[in-house]
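Residue 166 is where the sequence shown starts when you use our numbering, and the numbers rise one by one after that. Glycine included, each C-beta is placed from N, C-alpha and C at the ideal position. Working notes, structure below.
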Amino acid sequence: MPSKSTLKEYGSSVGFTLKLLDASAITLAGLSSYLWRFDGRYTETLFPVESTYLVSFVLSILTLEIVFTMLGAYQNWKNSSITVELKHTLFGISITFATLLVIAFFTHTYTLLPRTWIASWFILSFFFITCFRLLLRCYYKVSIKRGAHVERILIVGNGRLGKQVAERLMNMPTSGLLPVGFLSNQKSDHGAIKTLGNITQLKSIIEQHSINQVWIALPMSEAETMAKVQNELSTSLVTIRMVPDIYGFHLINHSVSDIAGMPVISLSSSPMLDRKNRIAKRLEDIILSSVILTLISPIMITIALAVKLTSPGPIFYRQERVSWNGKSFKMLKFRSMATDSEKDGIQWGGAAAMSVTPIGRLIRKTSLDELPQFINVLKGDMSIIGPRPERTVFVEQFKHEIPGYMQKHMVKAGISGWAQINGWRGDTDLKKRIECDLYYIENWSVWFDLKIIALTMFKGFIHKNAK
């Protein structure tokens with residue numbers, strides 16, 4: 166008999182299990198560290214922890230689950246690699262403990278929390294969470310091998326789309342989704358996945374092969390066949406799903422939503438349409454830009470004095486650029502050129518031909534002229550990480566010349582980005598830059614931003630294409 170549980174319900178149960186394990190792990194780590202730090206001196210009560218430490222446990226659980234949710238550590242967990250899981254765990258714990266320390270500082274309770282306890286709690290939390298999650302992975306792998314937690318899938322259609330679906334499912338052995346075979350009028354197998362019969366044999370195939378789900382993977386032109394499959398299964402308990410034939414399109418954050426009671430497929434949308442993503446991105450920008458501006462203020466003052474003393478004109482150069490949703494803003498830079506350098510008009514990639522000041526050449530080569538843009542980030546005009554903004558006149562030109570160019574404006578423009586750390590900056594191939602920008606938008610996450618920041622620190626400031 167087919168399983169009555171749906172994939173959504175199954176995914177929800179896995180997410181709940183993970184949250185329970187994470188909460189248990191961080192609590193166990195804190196309690197173990199506490200008993201070790203105080204040599205078991207508070208073991209006479211049922212729960213041997215003072216109130217300050219109890220509050221810390223509660224805050225750590227709430228913060229960790231919020232951070233893990235924002236990182237996507239509970240979604241599609243079984244299909245993520247162990248490397249990604251370790252990164253999420255380390256980052257989530259780091260943010261959690263940083264939050265605890267900030268709260269302790271502002272509530273004047275940090276003196277009550279020994280540093281040795283915090284440090285050991287941090288280390289044990291990483292150890293316990295990692296171990297618990299690895300054990301859960303092992304449990305699901307063994308269960309799937311034994312046939313538990315497995316959804317047996319019949320794919321309707323063995324054309325390009327059907328074979329693509331089968332290929333993806335076969336590449337996710339831990340997902341619990343097992344492609345059993347194809348249903349089609351034409352015999353065309355895909356490796357071990359065979360064509361089991363045609364639509365007239367649908368019910369018998371479901372019974373013989375214990376099918377739980379039927380996935381329709383047909384082109385839009387075969388709507389009549391789709392309706393026939395649905396009618397044939399009207400008296401069955403199997404779950405019916407449809408994989409829309411949209412993979413010929415260039416997809417960015419594609420999703421299916423319920424809008425006004427209608428299923429609507431988004432082929433291209435911004436990750437920032439999700440409110441929690443916007444909040445996470447803005448918090449990231451405010452916190453990091455505030456810290457960075459504080460740290461680099463002596464450098465900025467030195468550069469400002471050097472610009473003022475070595476050439477006549479203002480310290481800052483304000484240039485109109487285009488950012489999120491096509492909105493223009495005034496981007497700040499340290500002035501690196503003579504004040505009349507654009508008297509003959511704006512030219513693409515014309516920096517080398519312009520009158521660059523002596524100090525200007527150095528700050529352009531090292532990208533130090535970009536430092537005032539952290540002020541733009543703090544104001545909300547830009548992000549620390551995102552596609553580099555372009556001047557309005559060039560946006561109007563490139564949007565007609567380069568396919569997908571305007572899609573880079575689905576997120577805020579950034580100081581650095583995926584294109585820049587891959588060498589596509591300055592007067593380089595615009596199409597390659599756009600490809601990198603769209604890859605960033607499709608794969609955006611807080612962790613991806615932090616990865617780009619780290620790579621920028623290592624190789625992003627000085628580059629042969631900086632002018």
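**OP:** Using three-state DSSP, classify Q585 as helix, strand or coil.
**Re:** In the structure shown, Q585 sits in a helix (DSSP, three-state: H, G or I).
Original post:
Which of the three DSSP states, helix, strand or coil, is assigned to K495?
Top reply: When DSSP states are grouped into helix, strand and coil, K495 belongs to the strand group.
Original post:
Can you give the Cα-Cα distance for K492 and F222, rounded to whole angstroms?
Top reply: Using only the alpha carbons, I get a separation of about 44 angstroms.
**OP:** Taking all protein chains shown into account, decide if V421 is buried (16 or more other Cβ within 10 angstroms of its Cβ) or exposed.
**Re:** Label assigned to V421: exposed.
Original post:
Cα separation between R298 and N541?
Top reply: Looking at the two C-alpha atoms, the distance is approximately 40 angstroms.
Original post:
Comparing alpha-carbon positions, which option in E607, V315, S197 and V558 lies nearest L342?
Top reply: Comparing Cα-Cα distances from L342 to each of E607, V315, S197 and V558, the minimum goes to V315.
Original post:
Short check: CB of A331 to CB of I320, under 8 angstroms?
Top reply: Contact flag set, yes.
Original post:
Just how far apart, CA to CA, sit I457 and Y218?
Top reply: Annotation: I457 to Y218 spans about 32 angstroms, alpha carbon to alpha carbon.
**OP:** From the DSSP output, in three-state form, read off Q647 for me.
**Re:** Look at the range of the chain in this structure, 166 to 632, and you will see that residue 647 is not part of it.
Original post:
Quick one: any contact between the segment 265 to 282 and the segment 232 to 247, if contact means 3 or more CB pairs under 8 angstroms?
Top reply: Fewer than three pairs of CB atoms, one per stretch, sit closer than 8 angstroms, so the segment 265 to 282 makes no contact with the segment 232 to 247.
Subject >> Which listed residue (W612, M622 and F623) has its alpha carbon closest to that of H253 >> reply: For H253, the closest of W612, M622 and F623 by C-alpha to C-alpha distance is W612.
**OP:** State the Cα-Cα distance for the pair F481 and T228, rounded to the nearest angstrom.
**Re:** Approximately 40 angstroms, taken between the alpha carbons.
Subject >> Interface flag, G545 vs chain B, CB-CB below 8 angstroms >> reply: You won't find chain B in this structure, because it holds only one protein chain.
Subject >> Contact check, R333 vs Q378, beta carbons under 8 angstroms >> reply: Against a cut-off of 8 angstroms, the Cβ pair of Q378 and R333 comes out as no contact.
Subject >> CA nearest to the CA of H574, picked from E607, T276, I376 and N587 >> reply: Checked all of E607, T276, I376 and N587; the closest Cα to H574 is E607.
Subject >> Those residues which DSSP pairs with Q484 across a bridge >> reply: Residue pairing from DSSP places Q484 in a beta bridge opposite M496.
Original post:
Name the DSSP beta bridge partners of V321, please?
Top reply: Partner(s): L348 and I381.
Original post:
Got a sec? Which residues, its chain only, sit under 6 angstroms from S285 by beta carbon, not counting five neighbours each side?
Top reply: If we look at S285 and ignore the five residues flanking it on each side, its Cβ neighbours are S198.
Original post:
Going by other Cβ atoms of all chains shown within 10 Å of its Cβ, with 16 needed for buried, is L185 buried or exposed?
Top reply: The residue in question, L185, is exposed, as its Cβ has fewer than 16 Cβ neighbours within 10 Å.
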